[in-house]
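Chemist: Position 173 (the sequence shown) corresponds to 163 in my numbering; numbering is contiguous.
The C-beta atom is built at its ideal place from N, Cα and C for all residues, glycine as well.
Before I ask anything, let me first share the structure, which is written out below as structure tokens.
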Amino acid sequence: MKFLLLPSITILILVLNHNIRKNKNKDEKSVKSYLAREDRANSARRKDLSNLPYIEVPLNTLPLDITLNDEKKQLQISNYIKEIRFLSEKKMLNLIGVSNTDLKEEYGPANLELLTVYDQNYSRYIRNLHLLAECIYEEYPEKAVAVWKYCLNIGTDISGTYASLGRHYVDKNDREQFMKLYDYIPSKTTISGKTIISKLDNLKETFQ
């Protein structure tokens, strides 16, 4: 038996070494490819940003003048509303899934800082919208659902928004609208995308 084991162990070691070398070569090629792309991106010319699809805040349709019976929640939403109004005067871009290298290649490294600020403004905007909807849902469910659906339409990847809408549709036993939530996920392969899918899958099992 010992004599039979030796060749098997030798073959296993050879296979492992081959796979290690193969993966190492792939990793080296990936690093070289990335560095070459970064070098090209850092040399890209600056482009005009005036015609990008900036997010416009629909101040006339969002429930920003709402009053709640719950004083604690009213105090909370006043802060969210203040932030939303503040951001309505700022430029916002949904850059979910777009890397810094992508941005530099497309618009030039000189624009990276500005684009990052626009992306951060968008993230703050959808977060405050989600929190606003959470606070008003108990007293104004239709208005809250409208806010969440608007967030989906402008590309949010906040898992809580999908989960909140999912629970709403489960409570209403509206499987059709529930299943449509999967279509709004910006990217199903990212961490946030997988988190959203996991939450929706768990909720889907609660349908009667």
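Please report how far the alpha carbon of K139 lies from the alpha carbon of I175, in whole angstroms.
Modeler: For K139 and I175, the distance between alpha carbons rounds to 12 Å.
Chemist: If you draw a straight line from the alpha carbon of Y223 to that of A100, how long is it in whole angstroms?
Modeler: Outside the shown range of the chain (-9 to 198) lies residue 223, about which nothing can therefore be said.
Chemist: Please state the DSSP three-state secondary structure of T91.
Modeler: Correct three-state label for T91: helix.
Chemist: Enumerated in chain order, which unbroken segments of the alpha helix (DSSP H) with a length of 4 residues or greater are wholly contained in the region 103 to 155?
Modeler: Those alpha helix (DSSP H) runs which fall completely within the region 103 to 155 and span 4+ residues are 131 to 143.
Chemist: What three-state label does DSSP hand N192 in the structure shown?
Modeler: The answer is helix: DSSP assigns N192 an H, G or I state.
Chemist: Once the 5 residues before and after T51 are set aside, which same chain residues still bring their CB inside 7 Å of it?
Modeler: Here the set comprises nothing.
Chemist: Would DSSP call N101 helix, strand or coil?
Modeler: DSSP places N101 in helix when its eight states are reduced to three.
Chemist: Going by C-alpha distance, which of K80, Q198, Y112 is nearest D161?
Modeler: Comparing Cα-Cα distances from D161 to each of K80, Q198, Y112, the minimum goes to Q198.
Chemist: Here's a check: name, in chain order, each residue in its chain whose Cβ is nearer than 6 Å to the Cβ of K189, leaving out the five neighbours to either side.
Modeler: Cβ within range, chain order: S149, A153.
Chemist: Please classify M169 as buried or exposed, where buried requires at least 16 neighbouring CB atoms within 10 angstroms.
Modeler: Under this definition M169 is an exposed residue.
Chemist: Would the region 68 to 82 and the region 38 to 58 be scored as touching if the rule is three or more Cβ pairs under 8 Å?
Modeler: Yes, the region 68 to 82 touches the region 38 to 58.
Chemist: Can you give me the C-alpha to C-alpha distance between K(-8) and S182, rounded to a whole angstrom?
Modeler: Note that K(-8) scores a pLDDT of 43, beneath 50, so its modelled location is shaky; the value from the coordinates is reported in the next line. Rounded to the nearest angstrom, the two C-alpha atoms are 51 Å apart.
Chemist: Roughly how far, in whole angstroms, is the beta-carbon of K178 from the beta-carbon of I187, given that I think they are within contact range, below 8 Å?
Modeler: The Cβ separation is near 6 Å, so the contact holds.
Chemist: Please work out which residues of its chain come closer than 8 Å, Cβ to Cβ, to L105, disregarding the five sequence neighbours upstream and downstream, and give them in chain order.
Modeler: Around L105: L39, L83, L85, L93, Y97.
Chemist: Which class does F(-7) belong to by DSSP, given the choice of helix, strand or coil?
Modeler: Confidence at F(-7) is low in this model, with a pLDDT of 44, below 50, so its placement is unreliable and the value that follows should be read with caution. Note: F(-7) maps to helix in three-state DSSP.
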